[in-house]
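K.L.:
Residue numbers (our numbering): 1 to 228.
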């Protein structure tokens, strides 16, 4: 049965991907590299900042300079923190859907963003209390498609008293994603995944168990029935 939901954050709850892309392009320019929008959405969408910089080095056939990588990620972190000071808009329908789900299931976040960023933006959307566990870039050494973020979120959910008499299993969780690498991460963690075509096309997300255009199309009872 369906017992918990785990949400990706950027591009699923908060409409942050255009800003993150713009800052990533500026960061690449600091090294003299060009990064197109198509390249970003195709290759970088689910990566954390460290993974983004390392992938930039790889695509330009250069060995990773750890010191410079750390400088670039700090630059991006500071620029993003300033840009989101007043918050960002939610993905249409996300707040309402989150509240609907939180009334029925424990919810968690599995994100490649920093915990401080996730906490701040959730608070600005008045959604922080809806999530009982957060898994962020602070908790994982590997970006999606590695399953670390989802497995960490699962462990957070498993500590809840509601699961004390029956440990929550990965197969009892539904992941919500917007990126192919995120879908792969959820599947690698043993979870089924619902993908929303906010950032990528349905064709690119076809490996997900369900692919929908927006939250208004989600029929949670029908999805939950598939877990019985």
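C-beta: ideal position from N, C-alpha, C; glycine also.
Could you tell me which of 51, 11, 3 sits nearest to residue 179, measuring between CA atoms?
P.N.:
Here the closest residue by C-alpha is 11.
K.L.:
Under the rule that 16 or more other beta-carbon atoms within 10 Å means buried, what is residue 118, buried or exposed?
P.N.:
With 16 or more Cβ atoms within 10 Å of its Cβ, residue 118 is classed as buried.
K.L.:
Could you pull out every residue in the same chain whose Cβ sits closer than 6 Å to the Cβ of residue 243, ignoring the five residues on either side in sequence?
P.N.:
Outside the shown range of the chain, which is 1 to 228, sits residue 243, and nothing can be said about it.
K.L.:
Please determine, among 98, 30, 168, the residue with the shortest C-alpha to C-alpha distance to residue 68.
P.N.:
Residue 30 is the option with its Cα nearest to residue 68.
K.L.:
Which residues bound the beta strand (DSSP E) around residue 177?
P.N.:
Start and end: 173-177.
K.L.:
Using CA coordinates, which residue listed in 114, 164, 171 is at the minimum distance from residue 51?
P.N.:
Of 114, 164, 171, the residue nearest in Cα terms is 114.
K.L.:
Pull up the CB-CB distance for residue 224 and residue 2, whole angstroms please, since I reckon it's below 8 Å.
P.N.:
About 4 Å; that satisfies the 8 Å criterion.
K.L.:
Distance, Cα to Cα, residue 20 vs residue 228?
P.N.:
Rounded to whole angstroms, residue 20 to residue 228 spans 38 Å at the Cα level.
K.L.:
Report the three-state DSSP secondary structure of residue 194 (helix, strand or coil).
P.N.:
Residue state, collapsed to three classes: strand.
K.L.:
Skipping 5 residues on each side, what residues in its chain have a beta carbon closer than 8 Å to that of residue 162?
P.N.:
These residues qualify, in order along the chain: 106.
K.L.:
What residues match up with residue 242 in a beta bridge as DSSP calls it?
P.N.:
This structure does not reach residue 242, given that the chain is present from 1 up to 228, and the question cannot be answered.
K.L.:
Across the segment 84-96 and the segment 133-146, are there enough close Cβ pairs to call them in contact, namely three or more that are closer than 8 Å?
P.N.:
The answer is no - the segment 133-146 does not touch the segment 84-96, with fewer than three Cβ pairs under 8 Å.
K.L.:
Check whether the segment 63-79 and the segment 145-158 are in contact - that is, three or more C-beta pairs closer than 8 Å.
P.N.:
No, because fewer than three Cβ pairs between the segment 63-79 and the segment 145-158 fall closer than 8 Å, the two stretches do not touch.
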